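Participant:
Numbering (our numbering), first residue to last: 9 to 298.
(1) Would residue 126 pass as a contact of residue 157 if the rule is Cβ separation under 8 Å?
(2) Looking only at its own chain, which residues have a Cβ that is under 6 Å from the Cβ of residue 236, when we skip the five neighbours before and after it?
(3) Could you check which residue in 224, 184, 173 has the C-alpha nearest to that of residue 198?
(4) Assuming residue 124 is part of the alpha helix (DSSP H), what are its boundary residues?
(5) Flag this pair as yes or no: are the beta carbons of residue 123 and residue 140 separated by less than 8 Å?
(6) Look at residue 258 and residue 95 and say whether their C-beta atoms are less than 8 Å apart.
(7) Out of 297, 252, 271, 272, which has the shortest C-alpha to C-alpha gap to residue 29?
(8) So for residue 268, helix, strand or coil by DSSP?
(9) I think residue 260 touches residue 169, with their Cβ atoms under 8 Å apart; what is that distance to the nearest whole Å?
(10) Between which two residues does the alpha helix (DSSP H) containing residue 181 stretch?
(11) Within 10 angstroms of the Cβ of residue 286, are there 16 or more other Cβ atoms? Answer buried if so, exposed if not.
(12) Between residue 111 and residue 54, what straight-line distance do the alpha-carbon atoms span, to the nearest angstrom?
(13) Assign residue 235 to one of three DSSP states: helix, strand, or coil.
(14) Select from 218, 87, 275, 195 the residue whose C-alpha is nearest the C-alpha of residue 12.
(15) I'd like the list of long-range same chain contacts for residue 284, defined as Cβ closer than 7 Å, with 5 residues on each side in sequence excluded.
(16) Tell me, please, whether the segment 180 to 192 touches the segment 211 to 220 by the rule of three or more beta-carbon pairs shorter than 8 Å.
(17) Could you pull the DSSP bridge partners for residue 287 from this structure?
(18) Counting C-beta neighbours from all protein chains within 10 Å, is the total for residue 69 16 or more, i.e. buried, or is it exposed?
(19) By Cβ distance, which residues of its chain are closer than 8 Å to residue 174, with the 5 residues on each side in sequence left out?
(20) Taking the alpha-carbon of residue 164 as reference, which of 219, 266, 76 has the nearest alpha-carbon?
(21) Whole angstroms are fine: how far does the CA of residue 279 sit from the CA of residue 120?
(22) So residue 15 and residue 142 are supposed to be a Cβ contact under 8 Å. How far apart are they, rounded?
(23) Nearest to residue 220 by alpha carbon, out of 66, 232, 207?
(24) Based on the DSSP secondary-structure assignment, which residues constitute the bridge partners of residue 20?
(25) Taking the beta strand (DSSP E) that residue 249 falls in, what are its first and last residues?
(26) Out of 184, 100, 294, 274, which has the shortest C-alpha to C-alpha gap to residue 159?
(27) So residue 224 is in the beta strand (DSSP E); what residue range does that whole segment cover?
(28) Note down, in chain order, each residue of its chain lying with its Cβ closer than 6 Å to the Cβ of residue 154, except the 5 sequence neighbours on either side.
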């Protein structure tokens, strides 16, 4: 049996729209074993237990990249990453499938090759890059070549995933954004994004608080999350910093104190008892064969 462990990921981080992504300590698993039939999938909704399953599709793409026949396989899913909540659930599927195929045939693909394949499937690297490499990643595509660099995040920082009991449509989150942006806003975003990566390395919460304020997507997407104002108020009253994870609906709080992180969870639960909340740290390994 081959078992792949993949961390959840949080993209954008405010000003890092479609470029920055962070791996966090919430994990999902996919196991691959020989099977008498072409395909058996367990551990997910029955409507995904077929060849349209994204893990299987990535597994097939991995086999094709390795120029190997697709074996009969049983895939067992243990998913802890909420689906369509802005925590990289599709990145988990893509990376797990590719790494499952790679491990099946002797781990001949390196991380760079896996990232290229994952980006082809996902369409953008901001979630699949930290899912593969861990840490904080800055990624972009240049003439179809995927480029990614990674930053160590200071261990003093804590992250709290606040997960509403409703989704935000990725299509709606895209369509609500303005079609054009001024040079002034572009300059603002670039400067703040560069400063933010350094602030995460330093664990400088005050600099994070200043640098993370976004003008490109959060002012618009926050309107799609009806509880955003109250959640932001709760986090800030606990001296935390809040941003929208991916396109939502998950909101991610940042603090540099273990007790404060737990207090945020307790206060959020008072007003939003149906929400999930997870006290997380940064994952520095990325996806692994376990």
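Cβ coordinates follow ideal geometry from the N, Cα and C atoms, glycine included.
Quick caveat, the model's predicted, so the values are computed rather than measured.
Facilitator: By the coordinates alone:
(1) One-based indexing of the chain shown puts residue 126 at position 118. One-based indexing of the chain shown puts residue 157 at position 149. Against a cut-off of 8 Å, the Cβ pair of residue 157 and residue 126 comes out as no contact.
(2) Within the chain shown, the letter at position 228 stands for residue 236. So the qualifying residues of the chain are 230.
(3) Residue 198 sits at position 190 when you count from the first residue of the chain shown. Among 224, 184, 173, the Cα nearest to that of residue 198 is on 224.
(4) Translated into the one-based positions of the chain shown, residue 124 becomes position 116. Its alpha helix (DSSP H) spans residues 119 to 130.
(5) Walking along the chain shown from the start, residue 123 turns up at place 115. Walking along the chain shown from the start, residue 140 turns up at place 132. Going by C-beta atoms, residue 123 is nearer than 8 Å to residue 140.
(6) Taking the chain shown and counting its residues from 1, one reaches residue 258 at position 250. Taking the chain shown and counting its residues from 1, one reaches residue 95 at position 87. Yes.
(7) Position 21 of the chain shown, counting from 1, holds the residue named residue 29. Checking every option, the nearest Cα to that of residue 29 belongs to 252.
(8) On the chain shown, position 260 is the one that residue 268 refers to. In the three-state reduction of the DSSP assignment, residue 268 falls in the helix class, which pools H, G and I.
(9) Reading the chain shown from its first residue, position 252 is the one you call residue 260. Reading the chain shown from its first residue, position 161 is the one you call residue 169. Yes, they are in contact, since the Cβ atoms of residue 260 and residue 169 sit about 6 Å apart, within 8 Å.
(10) Indexing the chain shown from 1 puts residue 181 at position 173. Residue 181 -> alpha helix (DSSP H) spans 178 to 183.
(11) In the chain shown, the residue the question calls residue 286 occupies position 278. Around the beta carbon of residue 286, a 10 Å sphere encloses 16 or more other beta carbons of the protein chains shown; the residue is thus reported as buried.
(12) Position 103 of the chain shown, counted from the first residue, corresponds to residue 111. Position 46 of the chain shown, counted from the first residue, corresponds to residue 54. Using only the alpha carbons, I get a separation of about 26 Å.
(13) In the chain shown, the residue the question calls residue 235 occupies position 227. Three-state result, residue 235: coil.
(14) Stepping through the chain shown from its first residue, residue 12 is reached at position 4. If we check each option's Cα against that of residue 12, 87 comes out closest.
(15) As a working note, residue 284 is residue 276 in the chain shown. If you ignore the 5 residues before and after residue 284, its C-beta comes within less than 7 Å of the C-beta of 90, 171, all in its own chain and listed in chain order.
(16) Touching, no, given that fewer than three Cβ pairs across the two stretches are closer than 8 Å.
(17) Taking the first residue of the chain shown as position 1, residue 287 is located at position 279. 168.
(18) For the purposes of this step, residue 69 is taken as the residue at position 61 of the chain shown. Residue 69 should be labelled buried.
(19) As a position in the chain shown, residue 174 is number 166, starting the count at 1. The answer, listed in chain order, is 257.
(20) Translated into the one-based positions of the chain shown, residue 164 becomes position 156. When only C-alpha atoms are compared, the closest one is 266.
(21) Position 112 of the chain shown, counting from 1, holds the residue named residue 120. Position 271 of the chain shown, counting from 1, holds the residue named residue 279. If I take the Cα positions, the gap works out to 44 Å.
(22) Indexing the chain shown from 1 puts residue 15 at position 7. Indexing the chain shown from 1 puts residue 142 at position 134. At roughly 7 Å, the Cβ-Cβ gap stays under 8 Å, so residue 15 and residue 142 are in contact.
(23) Working through the chain shown from its first residue, we reach residue 220 at position 212. When only C-alpha atoms are compared, the closest one is 207.
(24) Within the chain shown, residue 20 is the residue found at index 12, counting from 1. Paired residue(s): 24.
(25) Taking the chain shown and counting its residues from 1, one reaches residue 249 at position 241. Run containing residue 249: 249 to 252, per the beta strand (DSSP E) assignment.
(26) Numbered from its first residue, the chain shown carries residue 159 at position 151. Of 184, 100, 294, 274, the residue nearest in Cα terms is 294.
(27) Residue 224 sits at position 216 when you count from the first residue of the chain shown. Counting along the chain, no beta strand (DSSP E) covers residue 224, and no H or E run does either.
(28) Numbered from 1 along the chain shown, position 146 holds the residue referred to as residue 154. Counting only Cβ-Cβ distances below 6 Å, and skipping sequence neighbours, we find 123, 124, 127, 133.
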